[in-house]
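Colleague: Under mature numbering (1 follows the signal peptide of the UniProt record, and there is no 0), the residues of the sequence shown are numbered -20 to -1, 1 to 251, in order.
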Amino acid sequence: MKNIISTLFLFSGLMLSAQIGINTDSPKAKLDVNGDANLRKKIMVSNTTDNTLSEGKNDQLLVSQGEGYAPIWKTLRIPEYEPNKFYLIFNNSFSDKNGIEFLTSEEPVMTTSKGATFTKGADISTLKGFKKIDGLSQTISVFSTESKAYFQFETVVQANFAGNGSPDTSIDYTCGIFVDNKLINMRQRNLKAINSQYPFLTHNQIGIVANLSKGDHTVSVACSRLASYGDTSKKLAIGKNTSTNINNFIAQSSLKVDVYEVPQVFNPIIN
């Protein structure tokens, strides 16, 4: 009888205590278990909206909402992947309406041939006369050592040429796609004066780079005015207008980025 009474007093003391510790003399919560806990039936969570109790569904996880908020049940979804196959992991597109422009005085003096200068992997700091299109400089993420990144750049190039005269008037220019300031793709073109004033053309190029290191990388687009012929006083604009026959909305630049990977890091999605 004494043992029963002592047990009842002990249980009553625990119920009246603000905190209960199991295998600890200094509990840090209302119930602090220092050791393994074996749950044989249910965990119920109170819904603060209607005060109902929820035990969750099969395969759901109990997720904290932070201090002062009750936890909630969430469904964990992990995409299924086939081994050694590439999947689209990163996809985004960017635009820029400010563009860049060049005067004849900004043409670089080429001391070597273009073929020797514009090589894959060249650092932008070694390429004279290049200007970046600011809005297209963006950060991309790579999660696998096996990847293929595709870059599609489109813009409009315009010069404020008058109607074509004699000799012919034209401008050579080039644009490059860079990853971490290293050249991965370049295209050179020539904009020529025609019978009508203020000619423009649409410039497209696609760059591909494989197996970037895991982590964040900066992709950027930069262009240069290379040479002028005939009337060399005219302005060249890339991604913006020089004359009112088009506007900056029409001339704006865009860059689309797709990164395909053989998955090595799985980022679960929680509903």
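A virtual CB, placed ideally from N, CA and C, is assigned to each residue, including glycine.
Quantities reported herein were computed from a predicted structural model and do not represent experimental measurements.
So, residue 130 versus residue 196, is the Cβ gap smaller than 8 Å?
Modeller: Here the question's residue 130 lines up with position 150 in the sequence shown. Here the question's residue 196 lines up with position 216 in the sequence shown. No, the Cβ-Cβ distance between residue 130 and residue 196 is not below 8 Å.
Colleague: The beta strand (DSSP E) that contains residue 230, what's its start and end?
Modeller: Translated into the one-based positions of the sequence shown, residue 230 becomes position 250. First-last for residue 230: 228 to 231, but that is the alpha helix (DSSP H), not the beta strand (DSSP E).
Colleague: Short of 8 Å in beta carbon distance, which residues of its chain neighbour residue 115, apart from the five on each side in sequence? Order them along the chain.
Modeller: By one-based count along the sequence shown, residue 115 stands at place 135. 74, 75, 76, 77, 78, 233, listed in sequence order.
Colleague: Leaving out five residues before and five after residue 132 in sequence, what residues of the same chain have Cβ atoms less than 6 Å from its Cβ?
Modeller: The residue you call residue 132 lines up with position 152 of the sequence shown. 186, 236, listed in sequence order.
Colleague: Going along the chain, which residues of its own chain have a beta-carbon closer than 6 Å to the beta-carbon of residue 252, five neighbours each way excluded?
Modeller: A question about residue 252 goes unanswered here, because the residues of the chain that appear run from -20 up to 251.
Colleague: For the structure I just gave you, are there three or more beta carbon pairs, one from the stretch 99 to 106 and one from the stretch 146 to 165, closer than 8 Å?
Modeller: Yes: at least three Cβ pairs fall under 8 Å.
Colleague: Specify the secondary structure class of residue 114 as computed by DSSP and reduced to three states.
Modeller: The residue labelled residue 114 in the question sits at position 134 within the sequence shown. Reduced to three states, the DSSP call for residue 114 is helix.
Colleague: Just curious, the alpha helix (DSSP H) that residue 95 is in, first and last residue?
Modeller: For the purposes of this step, residue 95 is taken as residue 115 along the sequence shown, with counting starting at 1. 94 to 97 is the span of the alpha helix (DSSP H), which, as asked, contains residue 95.
Colleague: Taking all protein chains shown into account, do 16 or more other C-beta atoms lie within 10 angstroms of the C-beta of residue 199, making it buried, or fewer, making it exposed?
Modeller: Taking the sequence shown and counting its residues from 1, one reaches residue 199 at position 219. Counting Cβ neighbours within 10 Å, residue 199 comes out buried, since at least 16 surround it.
Colleague: Give the DSSP-derived three-state secondary structure of residue 120 in the structure shown.
Modeller: Locating residue 120 in the sequence shown gives position 140, counting from the first residue. Three-state result, residue 120: strand.
Colleague: Could you give the distance in angstroms between the alpha-carbon of residue 122 and the alpha-carbon of residue 112?
Modeller: Position 142 of the sequence shown holds residue 122. Position 132 of the sequence shown holds residue 112. For residue 122 and residue 112, the distance between alpha carbons rounds to 23 Å.
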